[in-house]
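Participant: Take this structure first; my questions come after.
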Amino acid sequence: MNELTPLAAPARARKPDWIRVKAPTSAGFAATRELMRAKSLTTVCEEAACPNIGECWSKKHATVMILGDTCTRACAFCNVKTGMPRKVDAMEPQNVADAAAQMGLHHIVVTSVDRDDLPDGGASQFVKVIQALRRTTPQTTIEILTPDFRNKAQAAIESIVEARPDVYNHNLETVPRLYPTIRPGARYYASLRLLESVKRHDPSIFTKSGVMLGLGEERLEVHQVMDDMRSADIDFLTMGQYLQPTPRHAKVAEFVTPKAFDAYAAIARAKGFLLVASSPLTRSSYHAGDDFERLRAAREAKLASAR
Numbered sequence: 180m181n182e183l184t185p186l187a188a189p190a191r192a193r194k195p196d197w198i199r200v201k202a203p204t205s206a207g208f209a210a211t212r213e214l215m216r217a218k219s220l221t222t223v224c225e226e227a228a229c230p231n232i233g234e235c236w237s238k239k240h241a242t243v244m245i246l247g248d249t250c251t252r253a254c255a256f257c258n259v260k261t262g263m264p265r266k267v268d269a270m271e272p273q274n275v276a277d278a279a280a281q282m283g284l285h286h287i288v289v290t291s292v293d294r295d296d297l298p299d300g301g302a303s304q305f306v307k308v309i310q311a312l313r314r315t316t317p318q319t320t321i322e323i324l325t326p327d328f329r330n331k332a333q334a335a336i337e338s339i340v341e342a343r344p345d346v347y348n349h350n351l352e353t354v355p356r357l358y359p360t361i362r363p364g365a366r367y368y369a370s371l372r373l374l375e376s377v378k379r380h381d382p383s384i385f386t387k388s389g390v391m392l393g394l395g396e397e398r399l400e401v402h403q404v405m406d407d408m409r410s411a412d413i414d415f416l417t418m419g420q421y422l423q424p425t426p427r428h429a430k431v432a433e434f435v436t437p438k439a440f441d442a443y444a445a446i447a448r449a450k451g452f453l454l455v456a457s458s459p460l461t462r463s464s465y466h467a468g469d470d471f472e473r474l475r476a477a478r479e480a481k482l483a484s485a486r
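Take the sequence shown: its letters are residues 180 to 486, numbered as in my numbering.
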């Protein structure tokens, strides 16, 4: 065994030291939670039991989850509850914008549950949120993390791209072989085509996608996912450790070491991603604002070198 060898993870294993975090207690955390409640907003930070919530909320960074707190799917890795969602909140777009303004956000991440019950999968709500943010806090850059809009993707993408978010994120989550058990309601190549379509419609929008490690994937499978992402011209890759939220969810097959994450990152950079974030605690929106600035700088440097 060497430093790149994952650690076997028995059921509900004790987490390694490198992924333990302190319980959130700061005043900033409390203020962010109070604001989310006052604006009747849901956050993926809470619903997905993100380990970084204490750090992010203490800095007044929160990922807003629109379209309610109930998902129409039941992915094996996700802690968001499944069921019949409530009616779409017409005030939600402005509430998101007001919260961003009150927090003084330079960058905001907006995601959602899957809403297969809606004719457009919820795409119009993303558009309204983007429009409300542009009106209310025009200095804020906007990153969206959307579902796959199953069977509605083309029209959904066209409408959202027209609203021009700064970053379009859609996570592949895992390798194709594990989709039937980990992400049964989705299709790997449909997700790839979604991101490819965003670039085709507007090359200026940054595209981003992420995968979880520790679900039983093989190293070469992860390398193939990287190649597939580059074929779809995805700019930014995030990689983080999967953590089992409850006993009923998929078990952790292994704890991937920090050095293994570094090795994956080096390979990804060699494959041509503009930016790579790879560590056990990396999540889609972790340090998203700082990463956006790095992403923009990386594109400018690439364009300058091509002149």
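C-beta: ideal position from N, C-alpha, C; glycine also.
Computed from a predicted structure; not experimentally measured.
Helix or strand or just coil, what does DSSP make of Ala456?
Facilitator: It is a strand residue.
Participant: Report yes if the CB atom of Ile309 is closer than 8 Å to the CB atom of Ala280, and no otherwise.
Facilitator: Going by C-beta atoms, Ile309 is not nearer than 8 Å to Ala280.
Participant: By Cβ distance below 6 Å, which residues in the same chain neighbour His380 in space, the five residues on each side in sequence not counted?
Facilitator: Val340.
Participant: Straight-line CA distance for Thr360 to Ala255?
Facilitator: Approximately 7 Å, taken between the alpha carbons.
Participant: Just to confirm the assignment, what range does the alpha helix (DSSP H) spanning Met263 have?
Facilitator: No alpha helix (DSSP H) holds Met263; DSSP gives it neither H nor E.
Participant: Note down, in chain order, each residue of its chain lying with its Cβ closer than 7 Å to the Cβ of Gly395, except the 5 sequence neighbours on either side.
Facilitator: Closer than 7 Å at the Cβ level, and outside the excluded window around Gly395, lie Leu357, Ala432.
Participant: Thr315 and Ala276: beta carbons closer than 8 Å?
Facilitator: Taking 8 Å as the Cβ cut-off, Thr315 and Ala276 qualify as a contacting pair.
Participant: Do Arg265 and Gly364 have their CB atoms nearer than 8 Å?
Facilitator: Not in contact: Arg265 and Gly364 (Cβ atoms no closer than 8 Å).
Participant: Can we say the segment 299-308 touches the segment 256-263, given the rule of at least three CB pairs closer than 8 Å?
Facilitator: Segments in contact, no.
Participant: Can you say whether Leu454 is buried or exposed, counting buried as having 16 or more other CB atoms within 10 angstroms of its CB?
Facilitator: Flag for Leu454 reads buried.
Participant: How about the segment 422-438 and the segment 380-389: do they share at least three Cβ pairs that are nearer than 8 Å?
Facilitator: No: fewer than three Cβ pairs fall under 8 Å.
Participant: Between the alpha carbons of Arg193 and Phe434, how many angstroms are there, rounded?
Facilitator: Roughly 10 Å between the two C-alpha positions.
Participant: Let me check understanding here. Comparing Cα to Cα, which of Lys481, Ala480, Asp469, Arg486 lies closest to Thr320?
Facilitator: Here the closest residue by C-alpha is Asp469.
Participant: Where do the ends of the alpha helix (DSSP H) carrying Leu373 lie?
Facilitator: Where Leu373 is concerned, the enclosing alpha helix (DSSP H) stretches over 367-380.
Participant: Taking only three categories from DSSP, how would you classify Phe328?
Facilitator: DSSP places Phe328 in coil when its eight states are reduced to three.
Participant: Out of Leu460, His466, Met418, state which residue places its alpha-carbon closest to the alpha-carbon of Ile446.
Facilitator: When each option's Cα is compared against that of Ile446, the closest is Met418.
Participant: Excluding five sequence neighbours on each side, which residues of the same chain lie with their C-beta closer than 8 Å to the C-beta of Asp299?
Facilitator: Hits under 8 Å: Phe328, Lys331, Ala334, Ala335, Ser338.
Participant: Ignore the nearest five residues each way along the sequence and tell me which others in Gly389's own chain have a CB closer than 6 Å to its CB.
Facilitator: Hits under 6 Å: Asn350, Thr417, Ser463.
Participant: What residues are listed by DSSP as bridge partners for Ser291?
Facilitator: Answer is Ile245, bridged to Ser291.
Participant: Contact defined as beta carbons within less than 8 Å: I believe Ile384 pairs with Tyr347. What is the distance between those atoms, to the nearest angstrom?
Facilitator: Indeed, because the Cβ distance is near 5 Å, the residues count as touching under 8 Å.
Participant: Tell me which residue opens and which closes the beta strand (DSSP E) that Gln420 is part of.
Facilitator: Per DSSP, Gln420 belongs to the beta strand (DSSP E) from 415-420.
Participant: State the Cα-Cα distance for the pair Ile198 and Phe471, rounded to the nearest angstrom.
Facilitator: Cα-Cα distance, rounded: 24 Å.
Participant: Taking the alpha-carbon of Lys450 as reference, which of Met408, Ala485, Pro344, Thr461 has the nearest alpha-carbon?
Facilitator: Selected option, being the one with the closest Cα: Met408.
Participant: May I ask you to report which of helix, strand or coil DSSP gives Ile321?
Facilitator: Here Ile321 sits in strand by DSSP.
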